[in-house]
Amino acid sequence: MTKKVLILPGDGIGQEVTKSSNEILNYLISEHSLDFEVNTMDVGGTAYDLHGSPIPSNVLSSAKDSDAILFGAVGGPKWDDLGWDDRPEQALLTLRKELGLFANLRPAFLFNELASASPIKNNIIEGLDILIVRELTGGVYFGEPRAIVKDETPNYAFNTMIYNEDEIRRIAKIGFESARKRNGKLCSVEKANVLEVSKFWREIVTDMSKDYPDVELTHQLADNTAMQLVLNPNQYDVIVSSNLFGDILSDIAATLSGSIGMLPSASLNSSSQGMYEPCHGSAPDIAGQNIANPIAMIASLAMALRYSLNEPGLADNIENAIKVFVENGNRTKDITTSGEFIHTSDVASKLIEIMKNG
Ligand code: NAD
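Residue 151 in the numbering used here sits at position 136 of the sequence shown, and the numbers go up by one each step.
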């Protein structure tokens, strides 16, 4: 059956990095005669300027009808003063909500050749290869009731951290199954020492571990994980956590690897439909200069091939090509130490050359 891929370049360097991933996608489609239908549409500030909405209704319906969405990045100072509903970020939030993308997968890895770009000492960081699985549509960011109350003395504000059993089971399942495909270790992170919702989370995850005897399950308190990620990140294989703790931990893990321009992400729903995007934003400071690192976007395409497009072998090909590309000394501006660098628009052709020879 034809697989549908929707490309949403968005704003700033989103436009540049999706050009690179498109080059690779087009090469794979023609080289392997893939039955893919690919469409490109506007989102974010660009869509607001051209169509009056950061996520026009035809974009949303095309997204719902796609197997995989490749999302560049949105936002920029030009749109900072717009009202909440018109802001470019609405595109992301609407897609996550409307497609029910509850599982956010963020790998954090380091190519040893780039260890000097990491803020952490080489002997601690070498070999880094972690997957953070973050719950994305529940928890305290969405829990009701929530309010700022200003007609009482003293004024106060509150949010609700809530997870039901089904929400915990479906995200933990992704954690267990990801661990099974990697090195067989899952660390579930919460604050079971102080929060009822975390105690409940731990109970459910522990119960599920009976079905995964091949996965070694550990539990850790979120504050300790924040510390351990910096002190000894190689103790982890897969980390599964709630929306709030996962948000914080995935940013710490991203920082370990040196450049945000290298890290992909996937957000999946229960039918393996997914949105794939780099961890970085639209980088207005370097947009239009042909110096952005497109690897995060290209690695996001690899994740799309693995998780939504049923082409895990091609995902491996891309990831191996990225490895060889770095081993061969190719550096974009953000990761160069010599001052010499390769431009955005030249990265895809180098990777294709490596895949052809590989
Ligand atoms: P950013 O990730 O865009 O940039 C942070 C820094 O990293 C900048 O110095 C930038 O030049 C650099 N950088 C980012 N990606 C890079 C790449 N691929 N290659 C080389 N260098 C890269 O974050 P920001 O500056 O805080 O935000 C800029 C805009 O992006 C804002 O409007 C923000 O709201 C938006 N944003 C969007 C997303 C998204 O679309 N998912 C995520 C984060 C921020």
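Built from N, CA and C at the ideal position, the CB exists for glycine as well.
Exercise. In or out: S45 buried (at least 16 other Cβ within 10 Å) or exposed?
Worked result: S45 comes out exposed.
Problem set entry | Proximity of I350 and S274 at Cβ, strictly below 8 angstroms | Their beta carbons are under 8 angstroms apart, which means I350 touches S274 by this criterion.
Exercise. Does the stretch 328-337 touch the stretch 74-93, meaning 3 or more C-beta pairs lie closer than 8 angstroms?
Worked result: In short, these stretches do not touch, since the Cβ pair count stays below three.
Exercise. Where do the N-terminal and C-terminal ends of the alpha helix (DSSP H) with S77 fall, by residue?
Worked result: For S77, the enclosing alpha helix (DSSP H) covers residues 72-79.
For this session: Answer yes or no: the CB of H295 versus the heavy atoms of ligand 1, is any distance below 7 angstroms?
Result: Checking the Cβ of H295 against ligand 1 gives yes.
Problem set entry | Whole-angstrom distance between S76 and A130, CA atom to CA atom | Looking at the two C-alpha atoms, the distance is approximately 43 angstroms.
Exercise. Whole alpha helix (DSSP H) runs in the stretch 125-185 with 4 or more residues, listed along the chain?
Worked result: Runs found: 137-140.
For this session: May I have the straight-line CA-CA distance separating L283 from Y291, to the nearest angstrom?
Result: Their Cα atoms are separated by approximately 9 angstroms.
For this session: Please find out if some non-hydrogen atom of ligand 1 comes closer than 7 angstroms to the beta-carbon of G115.
Result: In this structure, the C-beta of G115 stays at least 7 angstroms away from each heavy atom of ligand 1.
Exercise. Roughly how many angstroms lie between the CA atoms of V255 and L108, to the nearest whole one?
Worked result: Taking the straight line joining both Cα atoms gives about 21 angstroms.
Exercise. Do the stretch 40-60 and the stretch 263-271 touch if we need at least three Cβ pairs shorter than 8 angstroms?
Worked result: Taking 8 angstroms as the limit for Cβ pairs, the verdict is that the stretch 263-271 does not touch the stretch 40-60.
Problem set entry | Length of the line joining the Cα atoms of L316 and M16 | Cα to Cα, the separation comes out at about 20 angstroms.
Problem set entry | Where V230 sits in the DSSP three-state scheme | Three-state result, V230: coil.
Exercise. Cβ of V89 within 7 angstroms of any heavy atom in ligand 1?
Worked result: V89: yes, Cβ under 7 angstroms from ligand 1.
For this session: Leaving out five residues on either side along the sequence, give the residues of the same chain with a beta carbon under 6 angstroms from the beta carbon of Y42.
Result: Close CB contacts of Y42 within its chain, under the 6 angstroms cut and outside five residues either way in sequence, are with I367 (chain order).
For this session: Tell me whether T33 sits in a helix, a strand or coil according to DSSP, three-state version.
Result: In the structure shown, T33 sits in a helix (DSSP, three-state: H, G or I).
Problem set entry | Distance between V245 and L271 (C-alpha atoms, nearest Å) | Their backbone Cα atoms lie some 8 angstroms apart in a straight line.
For this session: Could you say which of M277, R184, Y322, R185 lies nearest to M312 if we only look at CA atoms?
Result: Nearest of M277, R184, Y322, R185 to M312, Cα basis: M277.
For this session: Give the single residue among E355, L49, E104, D50 whose Cα lies nearest to the Cα of G60.
Result: G60 has its Cα closest to that of E104, out of E355, L49, E104, D50.
For this session: Measure the alpha-carbon distance for E218 versus D181 and round it to whole angstroms.
Result: When rounded, the distance between both Cα atoms is 13 angstroms.
Exercise. So, helix, strand or coil for S213, using DSSP?
Worked result: DSSP places S213 in helix when its eight states are reduced to three.
Exercise. Hey, is A123 close to ligand 1, as in C-beta under 7 angstroms from one of its heavy atoms?
Worked result: Not so, every heavy atom of ligand 1 lies at least 7 angstroms from the Cβ.
Exercise. Taking Cβ positions, are T175 and V204 nearer each other than 8 angstroms?
Worked result: Going by C-beta atoms, T175 is not nearer than 8 angstroms to V204.
For this session: Indicate whether the contact test is met: 3 or more Cβ pairs, each with one atom in the stretch 143-157 and one in the stretch 222-230, closer than 8 angstroms.
Result: No, the stretch 143-157 does not touch the stretch 222-230.
Exercise. Mind checking whether T152 and G98 have CB atoms under 8 angstroms apart?
Worked result: Pairing T152 with G98 gives a Cβ-Cβ distance that is not under 8 angstroms.
For this session: Starting from F86, follow its DSSP beta bridges and name the residues at the other end.
Result: In DSSP, F86 forms a bridge with L23.
Exercise. Roughly how many angstroms lie between the CA atoms of I163 and M370, to the nearest whole one?
Worked result: Those two C-alpha atoms are separated by around 55 angstroms.
Exercise. How would you label K348, buried or exposed, when you count the other beta carbons within 10 angstroms and need 16 or more for buried?
Worked result: The residue in question, K348, is buried, as its Cβ has 16 or more Cβ neighbours within 10 Å.
Exercise. In three-state DSSP terms, what is A307?
Worked result: Coil.
Exercise. Where does F173 land, buried or exposed, given buried means 16+ other C-beta within 10 angstroms?
Worked result: Of the residues assessed, F173 falls on the exposed side of the cut-off, its CB having fewer than 16 other CB atoms within 10 angstroms.
For this session: Using 7 angstroms as the cut-off, classify the Cβ of D226 as near or not near the heavy atoms of ligand 1, replying yes or no.
Result: No, ligand 1 has no heavy atom inside 7 angstroms of this Cβ.
Exercise. Can you tell which of S72, I177, N372 has the C-alpha that lies nearest to the C-alpha of E159?
Worked result: That would be I177, whose Cα lies nearest to the Cα of E159.
Exercise. In chain order, what residues of the same chain lie with their CB nearer than 6 angstroms to the CB of E167, ignoring the 5 residues before and after it?
Worked result: Contacts found: none.
For this session: Using alpha carbons as the reference points, say which of C294, A319, I306, K365 lies closest to E355.
Result: For E355, the nearest C-alpha among the options comes from I306.
Problem set entry | Check: D349 C-beta below 7 angstroms from any heavy atom of ligand 1 | Under cutoff, so the answer is yes.
Problem set entry | CB-CB length for L21 against S81, believed under 8 angstroms | About 4 angstroms separates the two Cβ atoms, so the contact holds.
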